[in-house]
DNA sequence: CGTCGCATTGATATCGCTCAAATCCGGTGG
DNA sequence: CCACCGGATTTGAGCGATATCAATGCGACG
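Protein chains in written order, with my numbering: chain A, 1 to 201; chain B, 1001 to 1201.
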């Protein structure tokens, strides 16, 4: 890619500064005043808090194509740490410039609202899914929310192992669950394509 | 309450129309063109899809103080059903007026962006929490994300049973977990006040 | 009082996690 | 071409945490 800034809206790209993080490097830390919003071009950034006893609690994993620290814009300071899980390439947009851009450009604000709305929709669905009790339920929920194309099929991007992590399951459990659902006809698999089956239950 | 509209921003309240739903009544159905955004004053509205075989999958439960169908503004038509889980009181804001208001009033747009940002933050935290393995972990995470005031205490709004639902646990499990954590000193309880304990583990 | 819902504790069953091992597959280097 | 390696995929076995079923106390409320 010639310029990573091409990945975002041109009206914001003007204010964006490319930034690279090595594994375990921090974009910011809890308590620092919120100076910027970030966009993940490549890699993964974990937003986490460190408890009194040193345990790390992950609030969110930001992956390529996602923004993070959007909310920090309005709260004054970062309320968690942002650390690269692996080498990452980011775009950093100063908070002041970001706010100015939104204020000046109504169309941009509208686009940003749209983006936030969709992200919220996705996050709510994920939260609802993670609260489900059974592995099979979660798979069905995933298919219902990510299904597209004929028969609501899903083209898997990564490995089944990745999907297991996304669903909050051990990968062995996912394999077994899928096998069972296949046998009962409630899902169908063709390579990296998953689709809800036609047979009842 | 004299007027439920007092609960939302006055600039939106002007366009809001109060609406009551009986249990099992629909606010809208999947496929209808998106004509309005909603705010829950009282009750609960479930956003769900119905699969080919009649199984209902809940995408999100909208509770008092929450908006829903914000994203529908940008997608043309509703992509799921909205049905009252119990009698509910809503505010309905026509999509066109909502969009106009955002477009005309930059300050309102900014406030709306702020609101969405916060909700997004909250939804992500909930998703991450539900993915945690143990009951104790979830309680700690909840305290970490909702903690405020001295010692990061949390004032519970509803019952412990509600909290259990929020955490995705059976209520019995929550009671037992809290009792254990209390005994080990990792949380303290005073009525409806929960706070992380000082003792290690 | 009677009823209802929350809080609490006990007993039991079940589901999913963990540990373990075999197979498969793509890539890499000789 | 072949040997080797690492990671994904599968399947098995056993254990433990959590859901579920059950029973009781308690306070609010009509």
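Backbone N, C-alpha and C fix where the C-beta goes; we use that ideal spot for every residue, glycine too.
Note that this is a predicted model, so its numbers are computed, not measured.
Below-9 Å beta-carbon distance, residue i vs any chain A residue
{"i": "residue 1117(B)", "result": "yes"}
{"i": "residue 1070(B)", "result": "yes"}
{"i": "residue 1060(B)", "result": "yes"}
{"i": "residue 1168(B)", "result": "yes"}
{"i": "residue 1057(B)", "result": "yes"}
{"i": "residue 1029(B)", "result": "no"}
{"i": "residue 1145(B)", "result": "yes"}
{"i": "residue 1128(B)", "result": "yes"}
{"i": "residue 1182(B)", "result": "no"}
{"i": "residue 1088(B)", "result": "no"}
{"i": "residue 1193(B)", "result": "no"}
{"i": "residue 1095(B)", "result": "no"}
Of the listed residues the options, nearest to residue i (C-alpha basis)
{"i": "residue 186(A)", "options": "155(A), 162(A), 136(A)", "result": "136(A)"}
{"i": "residue 1093(B)", "options": "1154(B), 1030(B), 1031(B), 1035(B)", "result": "1035(B)"}
{"i": "residue 1008(B)", "options": "1084(B), 1027(B), 1041(B)", "result": "1041(B)"}
{"i": "residue 1117(B)", "options": "19(A), 126(A), 73(A), 131(A)", "result": "73(A)"}
{"i": "residue 1139(B)", "options": "1179(B), 1109(B), 1112(B)", "result": "1179(B)"}
{"i": "residue 1164(B)", "options": "1126(B), 1148(B), 1147(B)", "result": "1126(B)"}
{"i": "residue 193(A)", "options": "12(A), 90(A), 156(A)", "result": "156(A)"}
{"i": "residue 1066(B)", "options": "1088(B), 1152(B), 1147(B)", "result": "1088(B)"}
{"i": "residue 177(A)", "options": "145(A), 76(A), 134(A)", "result": "134(A)"}
{"i": "residue 1129(B)", "options": "1037(B), 1014(B), 1166(B), 1105(B)", "result": "1166(B)"}
{"i": "residue 1049(B)", "options": "1145(B), 1061(B), 1188(B)", "result": "1061(B)"}
{"i": "residue 97(A)", "options": "63(A), 47(A), 115(A), 37(A)", "result": "37(A)"}
Buried or exposed (CB count within 10 angstroms, at least 16 for buried), residue i
{"i": "residue 196(A)", "result": "buried"}
{"i": "residue 124(A)", "result": "buried"}
{"i": "residue 1162(B)", "result": "exposed"}
{"i": "residue 69(A)", "result": "buried"}
{"i": "residue 172(A)", "result": "exposed"}
{"i": "residue 77(A)", "result": "exposed"}
{"i": "residue 142(A)", "result": "buried"}
{"i": "residue 1017(B)", "result": "exposed"}
{"i": "residue 5(A)", "result": "buried"}
{"i": "residue 1158(B)", "result": "exposed"}
{"i": "residue 27(A)", "result": "buried"}
{"i": "residue 81(A)", "result": "buried"}
Strand pairing of residue i, partner residues [DSSP]
{"i": "residue 1077(B)", "result": "1033(B)"}
{"i": "residue 67(A)", "result": "39(A)"}
{"i": "residue 1196(B)", "result": "1187(B)"}
{"i": "residue 86(A)", "result": "44(A)"}
{"i": "residue 1091(B)", "result": "1018(B), 1039(B)"}
{"i": "residue 1155(B)", "result": "1193(B)"}
{"i": "residue 1026(B)", "result": "1083(B)"}
{"i": "residue 1056(B)", "result": "1050(B)"}
Helix, strand or coil at residue i [DSSP, three-state]
{"i": "residue 1113(B)", "result": "helix"}
{"i": "residue 189(A)", "result": "strand"}
{"i": "residue 6(A)", "result": "helix"}
{"i": "residue 167(A)", "result": "helix"}
{"i": "residue 1062(B)", "result": "strand"}
{"i": "residue 1148(B)", "result": "strand"}
{"i": "residue 131(A)", "result": "coil"}
Min CB distance residue i to chain B below 9 Å
{"i": "residue 189(A)", "result": "no"}
{"i": "residue 8(A)", "result": "no"}
{"i": "residue 174(A)", "result": "no"}
{"i": "residue 156(A)", "result": "no"}
{"i": "residue 103(A)", "result": "yes"}
{"i": "residue 11(A)", "result": "no"}
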